[in-house]
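Q:
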Amino acid sequence: MPLAPGTVLNNTHRIERLLARGGMGEVYRAANLLTGDAVALKVIRPELVNEPNMRALFLREATALRKIRHPAIVAYEGVHAEASGRVYLAMDLIEGPSLSKRLADGPLTVAQVRALRRRLAQGLLAAHEQNIVHRDLSPDNVVLRDGDLEKATVIDFGIAKKTDGIATSVIGSSFAGKMEYASPEQMGLFGNAVDARSDVYSLGLVLAAAALGRPLGMAQTPALAIEARKRLPDLSALPPALRSELTPMLQPDPARRLASMREVLAFDEPGTARGGRGLLRRGRLVTAAVAALAVVVALLSVTRPALVVDVVSRASAALGLPIGQPGDEAAEEAAWSRARAAETVPAVRAFLGQFPAGRYAAEARSLITELEQRSAATRAVPGQTFRDCPSCPEMVWLPKGSFTMGSSPEERRRENVPAVWGDAEGPPHDVTLSYGLAMGKYEVTLGEFAAFVQATGHPMGGSCWRNPGFEQSYRDPVVCVSWTDVRAYADWLTRTTGKTYRLPSEAEWEYGARAGSRTARFWGDGLEQLCRHANVLEAGFKCPDSPPNTAPVGQLQPNAFQLYDMLGNVAEWVEDCWTARYDGAPSDGSARLSGNCAQRVTRGGSWNSDPWRIRSATRSGTPAVTRNGETGFRVVRTD
Ligand SMILES: [Ca+2]
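In the working numbering, each number is its position in the sequence shown, counted from 1, plus 967.
#1: Taking the alpha-carbon positions, what's the R1295 to M1362 distance?
#2: In chain order, which alpha helix (DSSP H) runs of at least 4 residues are fully inside the segment 1453-1481?
#3: Along the beta strand (DSSP E) that carries N999, what are the first and last residues, could you check?
#4: Just list the residues that DSSP pairs K957 with in beta bridges.
#5: With 16 other CB atoms within 10 Å as the buried threshold, where does A1457 fall?
#6: Is it buried or exposed, G1429, if we count other Cβ atoms within 10 angstroms and call 16 or more buried?
#7: Just to be sure I understand the criterion: a residue counts if its Cβ is closer than 6 Å to at least one heavy atom of ligand 1. Which residues meet that?
#8: Quick one: Cα of V1602 to Cα of I1061, how far?
#9: Quick one: residues in its chain with C-beta nearer than 6 Å to the C-beta of G1393, no 5 flanking neighbours on either side, listed in chain order?
#10: Ordered along the chain, which non-local residues of its own chain (more than five positions away) have a Cβ less than 8 Å from that of L1000?
#11: Exposed or buried, what is P1590 when buried is set at 16 or more other beta-carbons lying within 10 Å of its beta-carbon?
#12: Spell out a yes or no on whether the segment 1378-1390 and the segment 1571-1585 are touching, meaning 3 or more CB-CB pairs, one atom from each, closer than 8 Å.
#13: I believe S1573 touches V1537 by the beta-carbon criterion, under 8 Å. Please report the beta-carbon distance rounded to the nearest angstrom.
#14: Roughly how many angstroms separate the alpha carbons of L1075 and L1087, rounded to a whole number?
#15: If you draw a straight line from the alpha carbon of G1403 to that of S1342, how long is it in whole angstroms?
#16: Which residues in the same chain as I1122 place their Cβ atom closer than 7 Å to its Cβ, once the five residues preceding and following it in sequence are excluded?
#17: Pairs of beta-carbons, one from the segment 1415-1423 and one from the segment 1480-1495, closer than 8 Å: are there three or more?
#18: Below 7 Å CB to CB, which residues in the same chain sit around L1504 once its five sequence neighbours on both sides are set aside?
#19: Per DSSP, H1047 is paired with what?
#20: For the alpha helix (DSSP H) holding I982, just list the boundary residues, first then last.
#21: Since A1192 contacts M1154 with CB under 8 Å, what's their CB separation in whole angstroms?
#22: Would you kindly report the start and end of the unbroken alpha helix (DSSP H) that includes G1171?
#23: Inspect the beta-carbon positions of M1609 and H1095 and report whether they are closer than 8 Å.
#24: Measure the alpha-carbon distance for R1604 versus P1182 and round it to whole angstroms.
#25: Please confirm whether R1112 and G1063 have their CB atoms less than 8 Å apart.
#26: Out of curiosity, what's the CA-to-CA distance linking G1521 and Y1409?
#27: Between the C-alpha atoms of R1326 and P1200, what's the straight-line distance to the nearest angstrom?
#28: Would you identify the three-state DSSP class for M1146, choosing helix, strand or coil?
#29: How long is the line joining the alpha carbons of Q1421 and A1190, rounded to whole angstroms?
#30: Return the CA-CA distance between K1197 and P1219, expressed in angstroms with no decimal places.
#31: Counting pairs of Cβ atoms below 8 Å between the segment 1591-1600 and the segment 1436-1448, do you hit three or more?
#32: What are the residues that DSSP puts in a beta bridge with C1544?
#33: If we call anything under 8 Å between Cβ atoms a contact, is V1173 one with L1104?
#34: Tell me whether the beta-carbon of F1528 lies closer than 8 Å to the beta-carbon of L1365.
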């Protein structure tokens, strides 16, 4: 219910009219009765501040906003809480059109884009120095005071936002608008950690839109929005000078992106080596014909190199331009930027196969060497984590060793395990893993799996994976995936990375889950530490703040091997066929591929499991075709 004009809040602010409604609440024009100033009030949606954690975070960030003093950042007067519980922010009212309104009249010149970059980067630097990340930069949130580009001011900080859940919360009609300027890490990629570098990326997209007079087209659908953030965006429609300056701001991996607004501002310092991170390429002279072709290619949103060549050739003919060098050059540029963003040996080799004597051949060869060295450096050192490509799952090397697989009759009695289940956990037997094994630190996430479906077109028809009946962020474990689906995912990782990915064997999974422990659970026999380590059925064991369904991976504490959610969250497919007992089971860590292979084993219990099932030894047989909301998986890699 919007506040009526004339309403006075806190004896200080008189509401004049509603200006806008957004995800965080409503914005009003109001008057400060003490000073007479016109102000904007943002009344926060109650559900965002009613939860104690969110309220504390909100108040902390709102207080920090007051400390940002920069003409390019809206001045916050403060945060106010009314006796009724209503919380609102008061800030300067900035009168003028938004940048998006200005862009409707046409693109900015290169000089204007650079001036805008300087102005916004300076303001955002002041915010980052107060540890405030904007999180919502877009041309709508840049207001040109008095219509003057030189007085561009950033408004509407997305403070106190949880970094997970953003993707699911906006799926629907408003998706494109919200997601167009989001960073890869806001979409659940690259570890989901949102810091100042996220604003660097979003600013890059805002500047690209300013130079084009329209958004770059980074959010046509939710799946495409994720896909578009795995590689360098296609900047070929931009003026070459800006293209090279935006490239280091728009690196998908935050670790390879310009790290701060200070580095963005270095573009404007005369004599400074631009970028200085080995990522910048000087803008090359491009003929008008090539530039025109580049626009055609960008408009068609072409994604495959072969198609680029084809489209460029046809476009060349259509434009009456010579076919050959210019098209090859654009195709080579696009292929190279994709290979570099993929950052895998197979991708770079494929690029070299296509352009063996091209301008990037030497760079490609040295990237292959670098990637191989990087992979050698992380080989099989226990505890060492790695990722074989920017969007691949994060893995951790496990130590080699032996363990006793299965449970003792004493454990089963103590835990009241029904006999039909308990019998499957015996007889206990020794297993030795004498090879290098890396296991996914986390269950494979919805975001990671969506990348696979997008890339391969793997048929998920009829599966509830995008809509399991409860809300999921891209950082939640994927569910509603059959054993065949998850095998296909592992095979795709193998093809993509050139390394051997597969499902864990049942023995490997239990070795990982136990992490050296012999107790019922990796933290001990009892349930005292359950809430620290496992997301389980709420009705079975009440944990404070427990989510009703899946939780984003890695929120709870890992085991001694640094593996998260081995018990609970989602049950995990393994390679083995179902057998009713362990008699005759392999002792070398390999999977058992005899027995009932129409059923495969799932392990670890889920968010829907009672505590007795949340044990390292619990096994279930599940039809391989099953897709349900409590079963997911993680992968392993051998060296
Ligand atoms: Ca699990």
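Using N, Cα and C, we set each Cβ at its ideal position, and we do this for glycine too.
A: Once the coordinates are examined:
#1: Residue mapping note: residue 1295 aligns to position 328 of the sequence shown, counting from 1. Residue mapping note: residue 1362 aligns to position 395 of the sequence shown, counting from 1. Arg is not the amino acid found at residue 1295; the sequence shown has Asp there. Distance between the alpha carbons of D1295 and M1362: 38 Å.
#2: 1473-1481
#3: In the sequence shown, residue 999 corresponds to position 32, counting from 1. From DSSP, the beta strand (DSSP E) with N999 extends over 992-999.
#4: The first residue shown for the chain is 968 and the last is 1606, placing residue 957 beyond what the model contains.
#5: Indexing the sequence shown from 1 puts residue 1457 at position 490. Its Cβ being crowded by 16 or more others within 10 Å, A1457 is buried.
#6: Translated into the one-based positions of the sequence shown, residue 1429 becomes position 462. Counting Cβ neighbours within 10 Å, G1429 comes out exposed, since fewer than 16 surround it.
#7: E1410, D1532, M1533, G1535, N1536, V1537, E1539, G1571
#8: Along the sequence shown, one-based indexing puts residue 1602 at 635. Along the sequence shown, one-based indexing puts residue 1061 at 94. C-alpha separation (whole angstroms): 52 Å.
#9: For the purposes of this step, residue 1393 is taken as the residue at position 426 of the sequence shown. Hits under 6 Å: G1373.
#10: Translated into the one-based positions of the sequence shown, residue 1000 becomes position 33. Taken in chain order, the residues that qualify are V975, N978, T979, H980, R981.
#11: Residue numbering aside, residue 1590 sits at position 623 when the sequence shown is read from its first letter. Exposed.
#12: yes
#13: To locate residue 1573, count along the sequence shown from 1; it is residue 606. To locate residue 1537, count along the sequence shown from 1; it is residue 570. That pair is a contact at about 5 Å.
#14: One-based indexing of the sequence shown puts residue 1075 at position 108. One-based indexing of the sequence shown puts residue 1087 at position 120. For L1075 and L1087, the distance between alpha carbons rounds to 15 Å.
#15: Reading the sequence shown from its first residue, position 436 is the one you call residue 1403. Reading the sequence shown from its first residue, position 375 is the one you call residue 1342. Going by the C-alpha atoms only, they are around 14 Å apart.
#16: Reading the sequence shown from its first residue, position 155 is the one you call residue 1122. Excluding sequence neighbours, I1122 sits near V1041, I1061, N1108, V1110.
#17: no
#18: Counted from its first residue, the sequence shown places residue 1504 at position 537. Hits under 7 Å: W1574, N1575, S1576, D1577.
#19: As a position in the sequence shown, residue 1047 is number 80, starting the count at 1. DSSP, once it has assigned bridges, lists Y1055 as partnering H1047.
#20: Position 15 of the sequence shown holds residue 982. Not the alpha helix (DSSP H): I982 falls in the beta strand (DSSP E), residues 980-988.
#21: Stepping through the sequence shown from its first residue, residue 1192 is reached at position 225. Stepping through the sequence shown from its first residue, residue 1154 is reached at position 187. The pair is a contact, with the Cβ atoms about 6 Å apart (cut-off 8 Å).
#22: For this step, residue 1171 is matched to residue 204 along the sequence shown. Counting along the chain, the alpha helix (DSSP H) containing G1171 begins and ends at 1163-1179.
#23: Nothing about residue 1609 can be read from this structure; the chain reaches only from 968 to 1606.
#24: Residue numbering aside, residue 1604 sits at position 637 when the sequence shown is read from its first letter. Residue numbering aside, residue 1182 sits at position 215 when the sequence shown is read from its first letter. Each residue's Cα considered, the two are about 39 Å apart.
#25: Your numbering for residue 1112 matches position 145 in the sequence shown. Your numbering for residue 1063 matches position 96 in the sequence shown. Cβ atoms of R1112 and G1063: closer than 8 Å.
#26: The count along the sequence shown starts at 1 and reaches residue 1521 at position 554. The count along the sequence shown starts at 1 and reaches residue 1409 at position 442. Approximately 6 Å between the Cα atoms of the pair.
#27: By one-based count along the sequence shown, residue 1326 stands at place 359. By one-based count along the sequence shown, residue 1200 stands at place 233. Using only the alpha carbons, I get a separation of about 20 Å.
#28: Taking the first residue of the sequence shown as position 1, residue 1146 is located at position 179. If DSSP states are grouped into helix, strand and coil, M1146 belongs with the helices.
#29: For this step, residue 1421 is matched to residue 454 along the sequence shown. For this step, residue 1190 is matched to residue 223 along the sequence shown. Using only the alpha carbons, I get a separation of about 7 Å.
#30: Walking along the sequence shown from the start, residue 1197 turns up at place 230. Walking along the sequence shown from the start, residue 1219 turns up at place 252. Looking at the two C-alpha atoms, the distance is approximately 6 Å.
#31: yes
#32: Your numbering for residue 1544 matches position 577 in the sequence shown. In the DSSP output, where bridge partners are listed per residue, C1544 has R1567.
#33: Residue numbering aside, residue 1173 sits at position 206 when the sequence shown is read from its first letter. Residue numbering aside, residue 1104 sits at position 137 when the sequence shown is read from its first letter. Contact: yes.
#34: Stepping through the sequence shown from its first residue, residue 1528 is reached at position 561. Stepping through the sequence shown from its first residue, residue 1365 is reached at position 398. Closer than 8 Å, so yes.
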